[in-house]
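Undergrad:
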Amino acid sequence: MFLSYFTEQPMSAYPADEGLKEGFTSVMFSNKYYDPVEGSRLFNERIEEYKLADQVGFDGIMVNEHHNAPFCMQARITVMSSILAAITENAKIVQLGNPLPTYDSPLMFAEEIAMIDMISKGRLISGIVRGAGQESVCLNANPAYNRERFNEAHDLLVKTMTDDGPFSWEGEHFQYRVVNPWARVLQKPHPRIWVPGVFSAETIRWAAQHRYPYISLNTPLHLTGELWEIYDQAARAVGYEPGPENRGYLLRVHVQKDGDKARENAREFMWMQGEFTGIGHPYWVSPSGYGSSARRLDYAKMANAEVRGSRAAPFEQQLAAREIVAGTPEEVIAELRVVLETCRPSILMLWGNDGDVNHDDSLRCIELMGTEVLPALRDIGDELGLHDPFELDSPISLALTPPDELNPIESAADERPEDTSDSRSLKMFR
Amino acid sequence: MTGPRRYSVMAMQTVTTTVAGLGMREFTGGSGDPLVMLHHSFGNPGWLPIHEALADHYTVHALDLPGYGGTDGSERPEWARHPRDLALLVGQWLRAKELGPVELVGCGFGGWVAAELATMSPELLKRLVLVGAAGLLPEKGRIYDQFLVSHSNYVEAAFSSTEAFEAIYPRNGDESEEHPLGDETLVVWDMNREMTTRVGWKPYMYNRRLRPLLGGVTVPALVVWGDNDAVVPMECAHAYVEALPDARLEIVPDCGHAVDLEAPESLAAIITGGKS
Chain L
1 MFLSYFTEQP
11 MSAYPADEGL
21 KEGFTSVMFS
31 NKYYDPVEGS
41 RLFNERIEEY
51 KLADQVGFDG
61 IMVNEHHNAP
71 FCMQARITVM
81 SSILAAITEN
91 AKIVQLGNPL
101 PTYDSPLMFA
111 EEIAMIDMIS
121 KGRLISGIVR
131 GAGQESVCLN
141 ANPAYNRERF
151 NEAHDLLVKT
161 MTDDGPFSWE
171 GEHFQYRVVN
181 PWARVLQKPH
191 PRIWVPGVFS
201 AETIRWAAQH
211 RYPYISLNTP
221 LHLTGELWEI
231 YDQAARAVGY
241 EPGPENRGYL
251 LRVHVQKDGD
261 KARENAREFM
271 WMQGEFTGIG
281 HPYWVSPSGY
291 GSSARRLDYA
301 KMANAEVRGS
311 RAAPFEQQLA
321 AREIVAGTPE
331 EVIAELRVVL
341 ETCRPSILML
351 WGNDGDVNHD
361 DSLRCIELMG
371 TEVLPALRDI
381 GDELGLHDPF
391 ELDSPISLAL
401 TPPDELNPIE
411 SAADERPEDT
421 SDSRSLKMFR
Chain S
431 MTGPRRYSVM
441 AMQTVTTTVA
451 GLGMREFTGG
461 SGDPLVMLHH
471 SFGNPGWLPI
481 HEALADHYTV
491 HALDLPGYGG
501 TDGSERPEWA
511 RHPRDLALLV
521 GQWLRAKELG
531 PVELVGCGFG
541 GWVAAELATM
551 SPELLKRLVL
561 VGAAGLLPEK
571 GRIYDQFLVS
581 HSNYVEAAFS
591 STEAFEAIYP
601 RNGDESEEHP
611 LGDETLVVWD
621 MNREMTTRVG
631 WKPYMYNRRL
641 RPLLGGVTVP
651 ALVVWGDNDA
661 VVPMECAHAY
671 VEALPDARLE
681 IVPDCGHAVD
691 LEAPESLAAI
701 ITGGKS
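Sequence order for the protein chains is L and S. Heads up: the first sequence is residues 1 to 430, going by this note's numbering. Heads up: the second sequence is residues 431 to 706, going by this note's numbering.
1. For Gln-9 (chain L), I'd like the list of residues in its chain whose CB is within less than 7 Å of its CB, leaving aside the five on either flank, ordered along the chain.
2. Starting from the C-beta of Tyr-283 (chain L), find all residues in its chain whose C-beta is less than 8 Å away, skip the five residues before and the five after it, and write them out in chain order.
3. Does the stretch 212-224 of chain L come close enough to the stretch 339-349 of chain L to have 3 or more Cβ pairs within less than 8 Å?
4. Which residue wins for smallest C-alpha separation from Leu-124 (chain L), given the options L:Leu-186, L:Tyr-50, L:Lys-257, L:Gly-278?
5. In this structure, does DSSP put Trp-206 (chain L) in helix, strand or coil?
6. Can you check whether the C-beta of Leu-578 (chain S) is within less than 9 Å of a C-beta belonging to chain L?
7. Quick check on Trp-655 (chain S): buried or exposed, where buried means 16 or more other Cβ atoms within 10 Å of its Cβ?
8. Give a yes or no on whether the minimum CB-CB distance between Leu-297 (chain L) and chain S is below 9 Å.
9. Tell me whether Gly-686 (chain S) is buried or exposed, calling it buried when 16 or more other Cβ atoms sit within 10 Å of its Cβ.
10. Distance, Cα to Cα, Gly-171 (chain L) vs Met-272 (chain L)?
11. Which residues mark the beginning and the end of the beta strand (DSSP E) in which Gln-443 (chain S) is found?
12. According to DSSP, simplified to helix, strand and coil, what is Trp-169 (chain L)?
13. I'd like to check one pair, Ile-128 (chain L) with Asn-90 (chain L): are the Cβ atoms closer than 9 Å?
14. Mind pulling the chain S residues with CB within less than 7 Å of Gly-289 (chain L)?
15. For a test of the three-state rule: what should DSSP assign to Thr-489 (chain S), helix, strand or coil?
16. Here's the rule I'm using: 16 or more other beta-carbon atoms within 10 Å means buried, otherwise exposed. How should Arg-177 (chain L) be labelled?
17. DSSP state of Gln-9 (chain L), grouped into three classes?
18. Taking DSSP's pairing of strands, which residues face Trp-655 (chain S) in a bridge?
19. What are the start and end residues of the beta strand (DSSP E) that includes Thr-277 (chain L)?
20. Check each candidate in L:Ile-113, L:Ala-207, L:Lys-257 and name the one with the smallest Cα separation from Leu-398 (chain L).
21. Determine, using beta carbons only, whether Tyr-240 (chain L) and Pro-395 (chain L) come nearer to each other than 9 Å.
22. For Arg-711 (chain S), I'd like the list of residues in its chain whose CB is within less than 8 Å of its CB, leaving aside the five on either flank, ordered along the chain.
23. Nearest to His-470 (chain S) by alpha carbon, out of S:Trp-523, S:Glu-505, S:Phe-589?
24. Residues in the same chain with beta-carbon distance under 6 Å from Met-635 (chain S), minus the five sequence neighbours each way, listed in chain order, please.
25. So, are the CB atoms of Val-629 (chain S) and Arg-511 (chain S) less than 9 Å apart?
26. Going by other Cβ atoms of all chains shown within 10 Å of its Cβ, with 16 needed for buried, is Asp-404 (chain L) buried or exposed?
27. Would the beta-carbon of Cys-343 (chain L) fall within 9 Å of that of Arg-247 (chain L)?
28. Report yes or no: do three or more beta-carbon pairs, one from the stretch 447-463 of chain S and one from the stretch 495-505 of chain S, lie closer than 8 Å?
29. Checking contacts by CB at 9 Å: is Thr-432 (chain S) closer than that to chain L?
30. What do you get for Pro-408 (chain L), buried or exposed, if any count of 16 or more other CB atoms within 10 angstroms of its CB means buried?
31. Contact between the stretch 483-493 of chain S and the stretch 697-704 of chain S is defined here as three or more beta-carbon pairs at a separation below 8 Å; is this criterion met?
32. List, from N- to C-terminal side, the alpha helix (DSSP H) runs of 4 residues or more that fit wholly inside the stretch 312-393 of chain L.
33. Should Asn-68 (chain L) be flagged as near chain S, meaning a C-beta pair shorter than 9 Å?
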């Protein structure tokens with residue numbers, strides 16, 4: 001199993017009552033409430049926690065990026081990745097993910113990740129995402145071309161990593177007279193690319209068609225079966241048999257020696273009114289043109305609804321459904337066994353600390369994970385045959401799979417209309 | 431999709447003309463010299479009182495801009511990236527129909543498109559009428575950004591009162607639908623907003639390359655503004671009057687941004703100006 005640590009890096013030192021008064025905590029929620037003294041403290045605490053996660057045996061440290069919101073302090077994924085490249089020794093740096101469509105220069109991004117891969121001595125996993133619509137609003141990237149920009153930036157990124165320069169790029173959204181960065185990725189042919197998401201059928205299929213593992217972000221456990229069905233059908237249609245090595249799962253998990261204390265701390269996972277991307281208006285989360293036209297009416301109704309609020313289930317209900325797992329190491333291991341048996345991922349991201357969980361408790365949580373939980377999970381993973389892409393040395397993409405190993409089964413193609421599941425994804429993301 | 435919403439009873443036709451491979455839809459009625467109306471970014475909801483009032487004096491062509499009007503409206507040019515692209519298509523449409531020179535009336539976003547067309551093909555125009563037109567960057571105020579608010583909040587902001595808004599977009603018009611504004615209105619608003627996003631995401635509702643070219647508009651221009659316009663600041667009206675060689679300003683009292691929708695009789699009287 002590939003076991004990774006994650007935290008959203010919450011800007012917990014903000015006045016939550018002001019967010020409640022405003023009715024939203026993203027995009028337009030004023031940064032006058034941002035205290036950089038507290039920001040400095042929190043960043044440095046997170047860095048200590050990452051060092052510990054590296055030391056106690058995590059295979060990876062997952063980092064992400066969001067904008068204009070207290071739920072995540074990281075505004076630039078490559079900045080934190082660069083720091084990790086220098087201060088950690090063993091853990092892979094798992095970017096989940098780089099919001100490609102929001103970047104106006106995929107080439108500049110390619111330079112950054114090449115530097116990170118070299119400095120980290122080949123420890124980079126460079127995940128990519130479309131980014132929720134609000135990221136497009138915050139960075140003023142046209143949301144109507146988000147999917148097109150994602151596809152084109154991906155193609156340019158892969159070409160930049162694999163082909164020798166100089167070459168020119170004349171795309172629909174990006175043009176370069178010279179692509180010839182004097183920064184090359186260390187891992188050959190290129191670092192692994194993983195694709196995270198909540199439950200967008202379009203993105204799940206896209207990942208499967210490229211043979212990139214899909215990392216399901218806290219998707220309710222009972223929905224993961226349907227999710228993998230979509231992935232597996234798309235995989236078989238392009239010619240390979242998917243397995244646990246194609247599956248990742250991010251889950252909120254908090255461990256303490258005292259189970260009650262762990263559950264009390266785990267309530268902090270509900271800190272943003274239970275919405276892990278904060279509260280935002282639907283027309284920010286999914287601006288017109290960002291989502292699928294198949295669900296336009298549902299979206300327009302939601303965007304123009306008079307009443308808004310959190311849709312998160314109560315904490316106890318999420319505990320019962322194992323959307324949040326908390327307790328002593330023994331309790332957590334037992335719960336995670338069920339998760340692994342049900343979801344069968346080979347890549348597991350443990351989202352350890354959120355909200356206002358203090359630094360000392362965060363460190364204790366990481367330490368207990370490393371000393372007690374991770375070894376048990378590795379045993380369970382072996383027992384269940386959950387072998388990750390590194391253990392299997394599986395192909396890093398469809399393009400890099402030898403053609404004679406592919407056996408496309410056209411009848412396997414998913415007959416469902418595009419994006420039948422997107423409205424669910426939108427609901428979970430708002 | 432149902433047909434256009436009817437606010438009046440005058441004989442009116444729906445006509446589609448193919449331009450650059452795209453079907454462009456209009457509602458047309460009345461008699462006399464041709465008058466073309468270009469709608470706001472939220473689209474034209476049907477054959478409206480303003481069309482009817484003008485149709486007493488003109489043959490009115492209420493055109494759906496390319497990519498606007500829902501699935502039955504004008505087809506989307508996938509390649510269009512700027513309102514100027516839409517202006518080029520309107521110019522081709524005018525030539526294909528051999529309509530020019532016309533009275534060209536542009537409202538809000540449609541006013542921007544009309545101004546762009548006037549700078550590139552003034553020979554297609556008899557007169558340019560700009561109603562609360564976007565297109566110029568205000569120096570003091572800001573153009574109200576629809577992308578930060580809901581569709582309904584934005585459209586309502588174009589009216590000076592809720593009553594005026596509901597006269598055009600009645601709530602609970604059809605109780606069989608879940609949303610009080612009706613499914614069709616919401617879907618078409620969203621399609622229109624997507625098209626506005628495609629061509630007008632940034633810079634928002636202005637073009638720095640427009641003002642220097644307005645001096646080349648050789649036809650008379652009429653600039654009409656609601657004195658309660660909360661979408662495009664009044665300073666933009668003055669900027670248009672200053673930049674256009676032959677323009678005059680008419681201010682409509684107690685009226686919001688969408689003068690065409692809120693004060694159709696006043697706007698028609700200003701445009702016809704005693705024409706019988």
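C-beta: ideal position from N, C-alpha, C; glycine also.
TA: Quick answer:
1. Arg-46, Cys-72, Met-73, Gln-74
2. If we look at Tyr-283 (chain L) and ignore the five residues flanking it on each side, its Cβ neighbours are Ala-303.
3. yes
4. L:Leu-186
5. helix
6. yes
7. buried
8. For Leu-297 (chain L), at least one C-beta of chain S is nearer than 9 Å to its own C-beta.
9. buried
10. 40 Å
11. 443-449
12. Trp-169 (chain L): strand per DSSP, three-state reduction.
13. no
14. Those within 7 Å of Gly-289 (chain L) in chain S are Glu-624, Thr-627, Arg-628.
15. strand
16. exposed
17. coil
18. Under DSSP, Trp-655 (chain S) forms a beta bridge with S:Ile-681.
19. Neither: Thr-277 (chain L) is in no beta strand (DSSP E) and is coded neither H nor E.
20. L:Ala-207
21. Inclusion of Tyr-240 (chain L) and Pro-395 (chain L) in the CB contact set at 9 Å is warranted, their separation being smaller than that value.
22. Residue 711 (chain S) is absent from the structure shown; chain S starts at 431 and stops at 706.
23. The option with the nearest alpha carbon to His-470 (chain S) is S:Phe-589.
24. Correct list, in chain order: Ala-564, Ile-573.
25. Using a Cβ distance threshold of 9 Å, Val-629 (chain S) and Arg-511 (chain S) count as a contacting pair.
26. Counting Cβ neighbours within 10 Å, Asp-404 (chain L) comes out exposed, since fewer than 16 surround it.
27. yes
28. yes
29. With a pLDDT of 45 at Thr-432 (chain S), under the threshold of 50, the modelled position of this residue cannot be trusted, and the question is left open.
30. exposed
31. Yes, they touch.
32. 315-320, 329-343, 359-368, 374-384, 389-392
33. no
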